[in-house]
Amino acid sequence: MVAVAKKAPDARSKEQPIEELYEAAFPSVARFVKKMGGDLEDAKDVFHDALVIYQERCNQPGFSLQHSPEGYLLGIAKHLWIRKHHQQRKLVPLSSIEREISLPEDYFPSYKTQRLLQFLEIAGQKCLDLLRAFYYQKQPLKQLVKTLGYANEHSLSVQKYKCLEKVRHTIKNQSVAYEDFLD
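Under our numbering, the letters of the sequence shown match residues 2 to 184, in that order.
Put into structure tokens, the structure is as follows:
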């Protein structure tokens, strides 16, 4: 069959072996592609690519076929499908994952939280760290003395009071009401 495809002088006899190859090998390729999760269109694409590669190899000087043309085509198609399948596995469609992911309602900070953080940042990084650790992380004063490097609990309490006063003063100067932070 290969010899006919290579040496036949007229177009009709060149087409005949390709048709025969198609009839003989395509069902096996289609079964393989279906078994590997593909559909008929995938099988056609892979088989056509395999036919092109097969024809190119047959036209190379010194090429000799060791097995049946159908088996050779099936082998090429398997390699093409596996390569295509591995490339597609690397790409994860986000639309399917997005449905499974749900963000908590408090994922994005609210406007009020952002505004409060702005006032705390105005008071300074030390105050922000101190107030965050005490009020949000609920760390005891003894632990904060060690963590933040204060001499004793009394000096830490005085600093906490000063930080709160800075924040209150900033809020007061910017004419912000207490109600602005309520829901």
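Cβ coordinates follow ideal geometry from the N, Cα and C atoms, glycine included.
Given the structure is predicted, the values throughout are model-derived calculations rather than measurements.
Take the Cβ of K161 as the centre, count every other Cβ of all protein chains shown within 10 Å, and call the residue buried at 16 or more, exposed below. buried
Here's the rule: buried if 16 or more other CB atoms are within 10 angstroms of the residue's CB, otherwise exposed. What is G76? exposed
Closest Cα partner of S156 within the set K167, R169 and L142: L142
Quick check: the region 56-75 against the region 110-126, are there 3 or more CB pairs under 8 Å? no
Please list the segments of the beta strand (DSSP E) lying wholly inside the region 21-84, counting only runs of 3 or more residues, in order along the chain. none
Is the beta carbon of F48 less than 8 Å from the beta carbon of F27? yes
Could you give the DSSP three-state label for Q175: helix, strand or coil? coil
Classify A152 as buried or exposed, calling it buried when 16 or more other Cβ atoms lie within 10 Å of its own Cβ. exposed
In whole angstroms, what separates the C-alpha of L81 from that of P62? 23 Å
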